[in-house]
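Positions 178 to 465 (this note's numbering) are the ones given, in order, by the sequence shown. For every residue, glycine included, the Cβ atom is placed at its ideal position computed from N, Cα and C. Keep in mind that this is a model prediction, so the values were computed, not measured. Structure, as structure tokens:
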Amino acid sequence: MRESLGMAKKLETDVIVVGAGLTGATLACGLAANGIQTVMVDRTAPEDSISPSFDGRASAIAYSSKVALDGIGLWPLVADKTEAIREIRVSDGPSLLFLHYDHADIGDDPLGYMIENRDMRSGLLALTKQTAGLDIIAPADITAMTRGNEGAEITLSDGRTVTGKLLVAADGRASMTRQAAGIDVTGWTYNQHAIVATIDHTVSHQGIAHERFLPSGPFAILPLKGGHRSSLVWTERKSLVGSFMALDDDAFLAEISERVGGFLGDVSLVGPRFQHPLGLQVAATLHR
Ligand SMILES: Cc1cc2nc3c(=O)[nH]c(=O)nc-3n(C[C@H](O)[C@H](O)[C@H](O)COP(=O)(O)OP(=O)(O)OC[C@H]3O[C@@H](n4cnc5c(N)ncnc54)[C@H](O)[C@@H]3O)c2cc1C
């Protein structure tokens with residue numbers, strides 16, 4: 178990362194990436210690592226995005242994605258925070274029968290990896306700082322955007338402008354940049370939210386991811402680093418989510434324990450709980 182941007186009024190670059198989330202930061206590092214001058218802009222300060230209260234999710238990274246992240250130099254920075262997914266078990270409610278995917282059926286490599294988003298964000302932050310040809314402007318709000326045959330220009334709230342041959346809209350699902358480019362989306366909401374929480378447990382998860390289909394939606398138990406910590410994604414009807422989120426820790430833990438079952442031993446909550454509305458959204462085109 179160049180620290181020398183200072184307060185230059187006009188910046189020129191090859192690519193402007195709007196949004197420094199997991200998508201934008203990964204792309205920006207990959208572009209710069211391949212010699213493409215990149216400026217990434219986000220309204221959030223990078224350090225804020227790695228606090229435990231910012232994003233309590235964990236991500237499943239498919240094996241092919243792991244190979245790609247290795248290619249841009251990210252994997253070595255996060256590898257010791259990942260847990261290999263060796264098996265996936267999918268079941269219908271409390272049924273003792275389950276669909277079984279075992280990495281050993283297809284080779285030696287795991288099916289994928291689990292990593293907490295805050296660890297991924299920390300790794301990306303470290304990578305952006307050591308990547309030449311990548312500048313980050315954050316926190317910064319974009320007040321105007323123009324597009325032309327030669328590229329795009331954004332104006333920041335402090336009056337600076339950034340001009341690029343290509344502008345990437347990585348500013349999330351409510352992307353202002355996409356809307357400004359006139360790209361429509363189609364989709365719908367599922368009337369369900371994902372409640373996300375992290376648990377510690379006394380019995381090892383052994384690298385097994387579980388997906389249970391309960392009446393209110395899928396309930397996932399995802400293995401995190403070390404054997405005794407898991408990430409939960411509890412899909413629940415929107416109308417009930419508020420009351421579950423309002424429970425005190427003991428009552429919330431009781432609801433979770435009932436859904437997890439006893440196979441992980443004693444279970445305790447780690448950190449805050451989060452909720453995310455679920456929906457499908459597909460852009461009409463990926464470029465304009
Ligand atoms: C419960 C749950 C579980 C999931 N599990 C997985 C998983 O296992 N594996 C997986 O691959 N994916 C998973 N996902 C999906 C994944 O989390 C998202 O696809 C991903 O976080 C999206 O990242 P993003 O960078 O595109 O967007 P965001 O994280 O929304 O980042 C957008 C960035 O743009 C910035 N921004 C927005 N507007 C502006 C603006 N006007 N100006 C400047 N900056 C702006 C924001 O500050 C933010 O930093 C899951 C999602 C949920 C809800």
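Looking at ligand 1, does it come within less than 6 Å of residue i, judged from the CB to the closest heavy atom?
{"i": "G198", "result": "yes"}
{"i": "S138", "result": "In the structure as shown, the chain begins at 178 and stops at 465. Residue 138 is therefore absent and cannot be evaluated."}
{"i": "S236", "result": "yes"}
{"i": "R414", "result": "no"}
{"i": "H387", "result": "no"}
{"i": "I154", "result": "In the structure as shown, the chain begins at 178 and stops at 465. Residue 154 is therefore absent and cannot be evaluated."}
{"i": "A371", "result": "yes"}
{"i": "G394", "result": "no"}
{"i": "H277", "result": "no"}
By alpha-carbon positions, which one of the options ends up nearest to residue i?
{"i": "F451", "options": "S416, V410, D279, I385", "result": "V410"}
{"i": "G289", "options": "Q307, S236, L251", "result": "S236"}
{"i": "G438", "options": "G404, A423, L302, L391", "result": "L391"}
{"i": "K415", "options": "T308, G404, P454", "result": "P454"}
{"i": "G328", "options": "H464, A245, K186", "result": "H464"}
{"i": "Y367", "options": "S393, T320, L343", "result": "S393"}
{"i": "P271", "options": "L246, K243, T320, R389", "result": "R389"}
State yes or no: is the C-beta of residue i within less than 7 Å of the C-beta of residue j?
{"i": "L208", "j": "V192", "result": "yes"}
{"i": "G341", "j": "T200", "result": "no"}
{"i": "D318", "j": "S334", "result": "yes"}
{"i": "V345", "j": "Q458", "result": "no"}
{"i": "E264", "j": "I385", "result": "yes"}
{"i": "H370", "j": "V444", "result": "no"}
{"i": "H378", "j": "L441", "result": "yes"}
{"i": "L446", "j": "L424", "result": "no"}
{"i": "T412", "j": "P395", "result": "yes"}
{"i": "I331", "j": "A460", "result": "no"}
{"i": "K187", "j": "T323", "result": "no"}
{"i": "P287", "j": "I249", "result": "no"}
{"i": "L304", "j": "L251", "result": "yes"}
Exposed or buried, what is residue i when buried is set at 16 or more other beta-carbons lying within 10 Å of its beta-carbon?
{"i": "D296", "result": "buried"}
{"i": "E435", "result": "exposed"}
{"i": "S241", "result": "exposed"}
{"i": "P449", "result": "exposed"}
{"i": "L399", "result": "buried"}
{"i": "A205", "result": "buried"}
{"i": "Q356", "result": "exposed"}
{"i": "G403", "result": "exposed"}
{"i": "G310", "result": "buried"}
{"i": "D269", "result": "exposed"}
{"i": "S408", "result": "buried"}
{"i": "A197", "result": "buried"}
{"i": "I283", "result": "exposed"}
{"i": "S420", "result": "exposed"}
How about residue i: is its Cβ closer than 6 Å to a heavy atom in ligand 2?
{"i": "D335", "result": "Ligands displayed in this structure: ligand 1; ligand 2 is not among them."}
| task | Answer yes if the stretch 251-269 comes into contact with the stretch 348-363, meaning at least three C-beta pairs across the two stretches below 8 Å, and no otherwise. | result | no
| said: Can you confirm whether the stretch 212-223 touches the stretch 306-315 when touching is taken to mean that 3 or more C-beta pairs between the two stretches lie within less than 8 Å? | reply: yes
| At least three beta-carbon pairs within less than 8 Å, the stretch 219-234 to the stretch 266-283 | no
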